[in-house]
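These notes concern the structure reproduced below.
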Amino acid sequence: MEPDHNPPPNTSTPFHHHHDGAGTCVNCGGPTAFPTPPPDPNPNYIPIRAPAVNLPPANNREIIIRTPVPQSQRIIPLTPPFHFQTPTKKIHSQSDIDQFHSSPTCHNFLGFIVSLSESVRSHKLSDPCHVSPPVSAIVSVLQTLIAYVDEIPLALQTSRYGNLAYRTWHEHMSCDAESFMLQFLPTDLHSATVELVPYFTDSFGNSSRIDYGTGHETNFAAWLYCLARLGVVKEEDYQALVSRVFVKYLELMRKLQTTYCLEPAGSHGVWGLDDYHFLPFIFGSSQLIDHKYMKPKSIHNEDI
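Using my numbering, you'd call the opening residue of the sequence shown number 7 and step up by one each time.
So, in structure tokens, the structure goes:
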């Protein structure tokens with residue numbers, strides 16, 4: 007018997023193509039398989055493409071999601087009388103997280119990070135900027151902590167991660183933390199050390215686990231935010247906070263990570279840009295805005 011070369015009739019529903027924004031097929035006038043969702047009128051939302059799914063290119067619009075864009079905010083300094091207290095853990099459940107995310111403090115903190123990022127927009131780290139006495143003192147403190155690393159020898163051990171000498175460094179840092187704060191705090195704010203010191207000491211990793219991650223980096227950003235709320239650093243200091251203070255902090259942390267083999271805290275593997283840090287990518291992307299030669303596609307250039 008001769009094989010039947012005629013294919014069986016296609017009984018599946020035909021797929022229809024449509025104009026952007028229309029719900030009818032350009033070929034037959036029938037309804038499209040994937041109707042276009044209405045646009046979000048909120049100007050603070052921008053489209054970001056979702057992970058790839060098995061849909062034809064004509065339907066890319068169907069997999070667009072929208073995400074809020076944090077906006078820069080001014081930091082209003084606190085006014086006397088001051089009432090400082092030791093920070094304690096307040097977030098214990100998902101509802102606590104949701105409450106914090108919707109709080110004015112969270113929005114103001116994110117706005118502070120955005121303001122720092124905008125302060126270095128299209129600027130190189132070497133560009134001149136205003137460096138106030140408090141900023142200069144903070145850089146000096148971080149340089150002192152770098153010197154501590156050179157003074158504390160490594161412990162003899164065979165484990166891959168976590169040289170025990172890091173605990174000695176962390177103890178030295180913690181013991182001197184309050185005196186560090188007093189170097190740049192005005193007299194009427196000396197009592198603020200009860201709140202500032204815990205954020206500061208939690209910025210350099212965990213001495214028990216001998217690890218470091220983005221949570222510790224966030225503590226350092228929160229410490230800078232506290233200084234802004236106290237009026238110790240002002241808006242004109244923001245560029246220096248990134249190009250002088252944060253760069254020196256990053257230098258210190260890279261030295262700690264490589265010297266004492268700090269374990270990444272909460273590593274995301276290939277899904278993370280860096281096992282230890284995240285803020286450099288935010289600040290760095292702002293620096294590259296409107297760059298003459300460096301474009302997003304430049305990442306494929308091996309010379310760069």
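Note that beta-carbon positions come from the ideal geometry of N, C-alpha and C, so glycine has one too.
Q) Can the beta-carbon of V126 be found less than 8 Å from the beta-carbon of K254? A) Here residue 126 refers to the residue found at position 120 when the sequence shown is read from its first residue. Here residue 254 refers to the residue found at position 248 when the sequence shown is read from its first residue. Going by C-beta atoms, V126 is not nearer than 8 Å to K254.
Q. Which residues does DSSP pair with D217 in a beta bridge?
A. Within the sequence shown, numbered from 1, the residue matching residue 217 stands at position 211. Answer is N212, E269.
Q: Mind reading off the beta-carbon distance from F206 to W229? Whole number of angstroms is fine, and I expect it under 8 Å.
A: Translated into the one-based positions of the sequence shown, residue 206 becomes position 200. Translated into the one-based positions of the sequence shown, residue 229 becomes position 223. F206 to W229, Cβ: 5 Å. Contact.
Q. Considering only residues of the same chain and omitting the five flanking positions on each side of L256, which have a CB-CB separation below 8 Å?
A. What you label residue 256 is simply residue 250 of the sequence shown in a count that begins at 1. For L256, where only same-chain residues beyond five positions count, the Cβ hits under 8 Å are H283, P286.
**Q.** Cβ-based neighbour list, A143, same chain, cut-off 8 Å, excluding 5 preceding and 5 following
**A.** Position 137 of the sequence shown, counted from the start, is the residue given in the question as residue 143. Q189, F190.
Q) Among the residues of its own chain, which have a CB less than 6 Å from the CB of T92, if the five just before and after it don't count? A) Your numbering for residue 92 matches position 86 in the sequence shown. Excluding residues within five positions, the ones whose Cβ falls inside 6 Å are V200.
Q: Pull up the distance between the alpha-carbon of L170 and that of Q163, whole angstroms please.
A: Here residue 170 corresponds to residue number 164 of the sequence shown, with the count starting at 1. Here residue 163 corresponds to residue number 157 of the sequence shown, with the count starting at 1. Taking the straight line joining both Cα atoms gives about 8 Å.
Q.
When you compare the CB positions of R250 and I81, do they come within less than 8 Å of one another, or not?
A. For the purposes of this step, residue 250 is taken as residue 244 along the sequence shown, with counting starting at 1. For the purposes of this step, residue 81 is taken as residue 75 along the sequence shown, with counting starting at 1. Not in contact: R250 and I81 (Cβ atoms no closer than 8 Å).
Q: Please say whether P139 and V238 have beta carbons closer to each other than 8 Å?
A: Looking up residue 238 in the sequence shown gives position 232. Looking up residue 139 in the sequence shown gives position 133. Result no, Cβ atoms of V238 and P139 do not sit closer than 8 Å.
Q: Using the Cα positions of T85 and D104, report the straight-line distance between them to the nearest angstrom.
A: Numbered from 1 along the sequence shown, position 79 holds the residue referred to as residue 85. Numbered from 1 along the sequence shown, position 98 holds the residue referred to as residue 104. When rounded, the distance between both Cα atoms is 29 Å.
Q. Does the separation of the CB atoms of F90 and A198 fall below 8 Å?
A. Taking the first residue of the sequence shown as position 1, residue 90 is located at position 84. Taking the first residue of the sequence shown as position 1, residue 198 is located at position 192. Contact: yes.
Q: Would you be able to state if there are at least three C-beta pairs under 8 Å between the stretch 260–273 and the stretch 292–303?
A: no
Q. For F226, which of helix, strand or coil comes out of DSSP?
A. For the purposes of this step, residue 226 is taken as residue 220 along the sequence shown, with counting starting at 1. In this structure, F226 counts as helix in the three-state DSSP scheme.
Q. To which residues of the same chain is R166 closer than 8 Å at the C-beta, ignoring the five residues directly before and after it?
A. Working through the sequence shown from its first residue, we reach residue 166 at position 160. Here the set comprises C267.
Q: Would you mind stating whether H113 and Q79 have Cβ atoms separated by less than 8 Å?
A: Within the sequence shown, the letter at position 107 stands for residue 113. Within the sequence shown, the letter at position 73 stands for residue 79. Against a cut-off of 8 Å, the Cβ pair of Q79 and H113 comes out as a contact.
Q. In its own chain, which residues sit with a C-beta less than 7 Å from the C-beta of Y231, not counting the 5 before and 5 after it?
A. Position 225 of the sequence shown, counted from the first residue, corresponds to residue 231. Answer for Y231: F115, F118, listed in chain order.
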